[in-house]
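The structure under discussion appears below in the form of structure tokens.
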Amino acid sequence: MTAAARLDTPKPLKQPPYDDGGLPLIGYTLHFMHDTLDLAFKLQRRNGNVYRSRQFLDTVSLMGPDAAQYVLQDREDRFSSAEGWAFFVGKLFEGAIMAMDDPQHRIERRIMQQAFKKPALSSYVDKMAPYMVERLSRWQPSRKFMVFQNIKKLTLDLAAPVFMGIELGPEADKLNDAFLHMAEASLGFVRYSVPGTKMHKGMKGREYMIKVLRDMIPQKRAVETPDLFSQMCHAKSDSGEAFTDDQVINHMIFMMLAAHDTTTSTLTTMIYALGKNTEWQDRLRAHSQTLAAEGLSNLRYDDLDKVDEISWCMKEALRMYPPLAAIPRMCKKDGEFEGYKIKAGQLVNIYPIHTHYMGEYWKNPFMFDPLRFSPERNEHKQHMFQWIPFGGGAHMCLGQHFADLQVRCVMHQLLQHFKWTVPDDYRMPYQLVPIAKPKDGLPVNLQRIG
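Per our numbering, the sequence shown starts with residue 236, numbered consecutively.
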């Protein structure tokens, strides 16, 4: 072989190093569930940006924003979202837009987008306002006000009229219970519907939701109303494609989970951060009170840009506590990342939680600093995939703008009517899976203003 030929010969790809630590059979699964951020940094420091380990399943982990871009942008159609999510949500959230591949994903996303355009979002804000004000008026000040359970109740109560178009009552409570059982089952260890398991409760919850939604569809198709359910029933793509009844049901079930989970976790972590950083709470409150004095105690859709600083705080909370700590994909055909071979049939994870704390991109990443999202700094724009709480690429979360507007509206109300603190030495014990929430419920000293 000539020297030129030797130079042209590609170097063989390396195999990802296998980190066989953790417990027998389950590897790092418990560590992943207990402290995902700690595990991600520990294994990345030990193995680099590409490694294999066992976290529920045999998984290749790809770390950093370049890895997120490689997997989520997926220019060569190498990764399957459907197969990546199958183990975790396949039975419970069948037909979820998050767990679809093209061409079906592209077709159904085009239809679903109609339910998240400006006219629809504006109607959701108007629908939500009176329920939000009434529900928050019931909050009772306490030195140990349990934030998570009250925010969870609030967001579920808002889901009934805004998503379903039904009034609050026993039916809404049953739907809420069913849907929470499904969420809790998504990362249960037993993946079969055996009586007594979370999966069994989750599947029973799905059956109940399907029945209720199917019974309501004729009414929703007959008359268009300003709720997500009706909008999904009437949505059509630009080429006239529409959803079948089964597709509407599947998307409604998943959208309720995604919206509730994201909004609940984001509001909870914002309340914690603003309880620790009261200078930011005071700053936001002063602005909200000024708006209220000008007649904007309730925000309309066109007013939302008047509370951009609330959005900075939301983005910072999502950076520090992303709803999805890891995002799975199944590799469909052999690929390469940073000189390592990624084999077809291999489950792959990327880690928003790790990327969001990388010192290369974030100044003092463990500090709550909403100004990093201000126009003057735009710290989150150094890399397209360094801030990915809503994923990225073709599967970017369709509901992210709804989550943003709901958080702005709720926080604007909270700031006008309440103030809260946590002890200086308090650190919120937080779990990211299976449902993102504080392990202690987040007790705060809540006081009513006025």
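Glycine included, every Cβ here is placed at the ideal spot set by N, Cα and C.
Looking at C-alpha atoms only, which residue of the options is the closest neighbour of residue i?
{"i": "Gly580", "options": "Phe572, Gly570, Met565 and Ile588", "result": "Met565"}
{"i": "Ala521", "options": "Gly628, Phe653 and Leu606", "result": "Phe653"}
{"i": "Arg554", "options": "Gly510, Leu606 and Lys541", "result": "Leu606"}
{"i": "Lys387", "options": "Gln516, His615, Asp660 and Val642", "result": "Val642"}
{"i": "Glu329", "options": "Arg313, His486 and Lys446", "result": "His486"}
{"i": "Leu582", "options": "Ile445, Asp569 and Lys246", "result": "Asp569"}
{"i": "Phe489", "options": "Ala394, Phe572 and Glu514", "result": "Ala394"}
{"i": "Arg289", "options": "Leu274, Pro405, Val458 and Ala303", "result": "Leu274"}
{"i": "Thr390", "options": "Thr479, Leu371 and Arg518", "result": "Leu371"}
{"i": "Tyr253", "options": "Thr590, Phe603, Tyr596 and Lys576", "result": "Lys576"}
{"i": "His618", "options": "Gly530, Asp255, Asp496 and Gly299", "result": "Gly299"}
{"i": "Lys353", "options": "Asn599, Gln466, Tyr507 and Glu544", "result": "Gln466"}
{"i": "Asp537", "options": "Trp374, Glu476, Thr656 and Ala355", "result": "Ala355"}
Here's a check: name, in chain order, each residue in its chain whose Cβ is nearer than 7 Å to the Cβ of residue i, leaving out the five neighbours to either side.
{"i": "Arg456", "result": "Cys468"}
{"i": "Ser377", "result": "Leu681"}
{"i": "Arg683", "result": "Pro376, His652 and Phe653"}
{"i": "Phe572", "result": "Val285, Leu297, Ala302 and Tyr305"}
{"i": "Gln635", "result": "Phe625"}
{"i": "Pro558", "result": "Asp496, Thr497, Ser500, Pro624 and Ala671"}
Between which two residues does the alpha helix (DSSP H) holding residue i run?
{"i": "Phe637", "result": "Gln635 to His652"}
{"i": "Lys455", "result": "Lys433 to Ala457"}
{"i": "Tyr305", "result": "Pro300 to Gln308"}
{"i": "Tyr575", "result": "That residue, Tyr575, is in no alpha helix (DSSP H); its beta strand (DSSP E) goes Tyr575 to Ile577."}
{"i": "Glu514", "result": "Thr513 to Ala528"}
{"i": "Tyr359", "result": "Lys353 to Leu371"}
Heavy atom of the ligand NAP less than 6 Å from the Cβ of residue i, yes or no?
{"i": "Arg518", "result": "As for the ligand NAP, it is missing from this structure, which has no ligand bound."}
Determine the DSSP secondary structure at residue i, reduced to helix, strand or coil.
{"i": "Ile342", "result": "helix"}
{"i": "Ile506", "result": "helix"}
{"i": "Glu318", "result": "helix"}
{"i": "Ser421", "result": "coil"}
{"i": "Met236", "result": "With a pLDDT of 46 at Met236, under the threshold of 50, the predicted position of this residue should be treated as unreliable, though the coordinate-derived value follows. Of the three classes helix, strand and coil, the one that applies to Met236 here is coil, per DSSP."}
{"i": "Arg281", "result": "helix"}
{"i": "Ile585", "result": "strand"}
{"i": "Asp270", "result": "coil"}
{"i": "Cys566", "result": "strand"}
{"i": "Tyr682", "result": "Looking at the sequence provided, one finds Gln at residue 682 rather than Tyr. In the structure shown, Gln682 sits in a strand (DSSP, three-state: E or B)."}
{"i": "Arg535", "result": "coil"}
{"i": "Gly262", "result": "strand"}
{"i": "Glu406", "result": "helix"}
{"i": "Arg378", "result": "strand"}
{"i": "Ser288", "result": "strand"}
{"i": "Ile401", "result": "coil"}
{"i": "Tyr661", "result": "coil"}
{"i": "Ala477", "result": "strand"}
{"i": "Lys674", "result": "coil"}
{"i": "Glu614", "result": "helix"}
{"i": "Glu571", "result": "strand"}
{"i": "Lys388", "result": "helix"}
{"i": "Lys229", "result": "Any property of residue 229 remains undetermined from this structure, which presents the chain solely from 236 to 685."}
{"i": "Gln666", "result": "strand"}
{"i": "Lys471", "result": "strand"}
{"i": "Thr460", "result": "coil"}
{"i": "Gln250", "result": "coil"}
{"i": "Trp547", "result": "helix"}
Give the C-beta separation of residue i and residue j to the nearest angstrom, bearing in mind that I take them to be a contact with Cβ-Cβ under 8 Å.
{"i": "Leu492", "j": "Met417", "result": "7 Å"}
{"i": "Met333", "j": "Ser315", "result": "Going by Cβ atoms, the distance from Met333 to Ser315 rounds to 12 Å, so no, they are not a contact pair."}
{"i": "Gly676", "j": "Gln384", "result": "6 Å"}
{"i": "Val306", "j": "Pro251", "result": "With a Cβ gap of about 14 Å, Val306 and Pro251 do not count as contacting."}
{"i": "Leu448", "j": "Ile484", "result": "5 Å"}
{"i": "Lys433", "j": "Glu419", "result": "5 Å"}
Excluding the 5 residues preceding and the 5 following residue i in the sequence, name in chain order all residues of the same chain whose CB lies nearer than 8 Å to its CB.
{"i": "Val668", "result": "Phe267, Met268, Thr271, Leu422 and Ala560"}
{"i": "Met381", "result": "Gly676, Leu677 and Pro678"}
{"i": "Arg241", "result": "The pLDDT assigned to Arg241 is 47, lower than 50, so where the model puts this residue is not dependable; a value taken from the coordinates is nonetheless given after this. Counting only Cβ-Cβ distances below 8 Å, and skipping sequence neighbours, we find nothing."}
{"i": "Met549", "result": "Thr501, Met505, Asp639, Val642, Arg643 and Met646"}
{"i": "Lys541", "result": "Leu526, Leu531 and Leu534"}
{"i": "Ala239", "result": "Because Ala239 sits at a pLDDT of 46, beneath the cut-off of 50, its placement in the model cannot be relied upon, and the following sentence gives the value as read from the coordinates. Cβ within range, chain order: n/a, list empty."}
Leaving out five residues before and five after residue i in sequence, what residues of the same chain have Cβ atoms less than 6 Å from its Cβ?
{"i": "Thr237", "result": "Its pLDDT being 49, under 50, Thr237 is placed unreliably by the model, and nothing is read from it."}
{"i": "Pro673", "result": "Phe383, Met663 and Tyr665"}
{"i": "Leu534", "result": "Cys644 and His647"}
{"i": "Gly685", "result": "none"}
{"i": "Asp255", "result": "none"}
{"i": "Ala494", "result": "Gly634"}
{"i": "Pro461", "result": "Ser358 and Lys362"}
{"i": "Lys249", "result": "Gly574 and Tyr575"}
{"i": "Phe351", "result": "Leu633"}
{"i": "Ser428", "result": "Met434, His435 and Met438"}
{"i": "Lys512", "result": "The sequence as given places Asn at residue 512; Lys does not occur at that position. Closer than 6 Å at Cβ, skipping near neighbours: Phe603."}
Counting along the chain, where does the beta strand (DSSP E) carrying residue i start and finish?
{"i": "Thr294", "result": "Leu292 to Leu297"}
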